[in-house]
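Below is one structure, written out as structure tokens, with a few remarks after it.
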Amino acid sequence: MSNKYFRTRQQPLLLWGTGIWIFAISVAIEVLFAFSVYSQAMAKLYLLLVALIVEFLAFGSVSMLKSRKISLAYYSYGAATTILLAYALITSRIGNILVNYIVYGVLPLPVVIASSIITFPAAIIIIALALKTYFKQKKPKMISIVLGVIVVSIAGTLYIVQVPAFLYYSEFIGILLLWYGFI
């Protein structure tokens with residue numbers, strides 16, 4: 031996706047590619063966690079990044095609308111909610127959120143709320159715009175995006191309700207579906 035951006039300079043590709051790169055960084059942190067490399071700072075960075083994945087994918091989708099007002103409004107919302115999440119992470123004690131080397135621990139309520147106000151609207155935006163594009167242009171890849179968001183959302187929900195068994199599988203499958211839809 032990054033290569034395609036450098037060839038075409040299309041803003042949606044830059045934003046979607048950034049989301050995929052953020053996913054790659056968060057997976058690298060998960061690998062470190064699996065090898066018992068853990069700190070508060072890493073946990074907080076990880077929690078910030080997993081919210082930013084969906085946010086940047088939504089930024090890319092919004093930028094396709096070609097409406098400067100809508101894009102600016104959503105980018106402003108995204109900046110404000112990211113600052114809110116960063117504040118919640120800085121002021122909250124996360125503790126050890128690893129159970130058997132899997133991110134699973136209970137999160138402080140301010141972190142859950144701040145993360146949710148980033149990810150839920152972003153997921154809705156991605157799904158709505160993908161469906162709009164599908165029905166308007168009959169692009170089958172849009173269904174892959176919708177399914178990817180649903181699977182990634184299920185992964186987040188599994189984490190919130192403390193069912194980690196399928197968390198990583200859901201993340202992986204969801205991101206693959208999204209990546210396929212965005213390329």
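Mapped onto my numbering, the consecutive letters of the sequence shown carry residue numbers 31 to 213. Glycine residues also receive a C-beta, built at the ideal position from the N, C-alpha and C atoms.
- Item | the stretch 113-131 contacting the stretch 64-77, beta-carbon criterion three pairs below 8 Å | Verdict: yes, contact present.
- Could you tell me which residues DSSP pairs with Leu128 in its beta bridges? Looking at the DSSP assignment, Leu128 forms a beta bridge with Val133.
- Query: So which of Thr121, Ile83, Arg37, Lys171 has the shortest CA-CA distance to Ala54?
  - Reply: Checked all of Thr121, Ile83, Arg37, Lys171; the closest Cα to Ala54 is Ile83.
- Task: Using three-state DSSP, classify Phe150 as helix, strand or coil.
- Result: Annotated three-state conformation of Phe150 is helix, per DSSP.
- Query: Roughly how far, in whole angstroms, is the beta-carbon of Ile175 from the beta-carbon of Ile154, given that I think they are within contact range, below 8 Å?
  - Reply: The Cβ separation is near 13 Å, so there is no contact.
- Item | Within 8 Å, strictly: CB atoms of Ala144 and Ala103 | Contact: no.
- Query: Are the CB atoms of Glu85 and Thr112 nearer to each other than 8 Å?
  - Reply: At a Cβ-Cβ threshold of 8 Å, Glu85 and Thr112 count as neighbours.
- Given that a residue counts as buried once 16 or more other Cβ atoms are within 10 Å of its Cβ, and exposed if not, what is Phe165? By the 10 Å Cβ count, Phe165 comes out exposed.
- Message: What does the alpha-carbon distance come out to for the pair Ile59 and Leu78?
- Response: Cα-Cα distance, rounded: 12 Å.
- Minimum C-alpha distance to Ser200 - residue among Trp209, Ala116, Gly211, Ser183: The option with the nearest alpha carbon to Ser200 is Ser183.
- For Arg123, which of helix, strand or coil comes out of DSSP? Coil, per DSSP.
- With Tyr87 and Gly47 assumed to form a contact (beta carbons below 8 Å), what rounded beta-carbon distance in angstroms separates them? The sequence given here places Leu at residue 87; Tyr does not occur at that position. Not really, about 10 Å apart at Cβ, beyond 8 Å.
- Query: Which residue's Cα is closest to the Cα of Ile205: Ser56, Pro42, Arg37?
  - Reply: Checking every option, the nearest Cα to that of Ile205 belongs to Ser56.
- Run through DSSP, which three-state label would Met94 get? If DSSP states are grouped into helix, strand and coil, Met94 belongs with coil.
- Local conformation of Ser7 per DSSP, three classes: As displayed, the chain neither begins before 31 nor continues past 213, which places residue 7 out of reach and without an answer.
- How close, in whole Å, do the beta carbons of Pro93 and Pro42 come, if the pair is a contact with beta carbons under 8 Å? Residue 93 is actually Ser in this sequence, not Pro. The beta-carbon distance between Ser93 and Pro42, rounded to whole angstroms, is 5 Å. This is short enough to meet the 8 Å contact definition.
- Task: Please report how far the alpha carbon of Lys96 lies from the alpha carbon of Trp209, in whole angstroms.
- Result: Roughly 22 Å between the two C-alpha positions.
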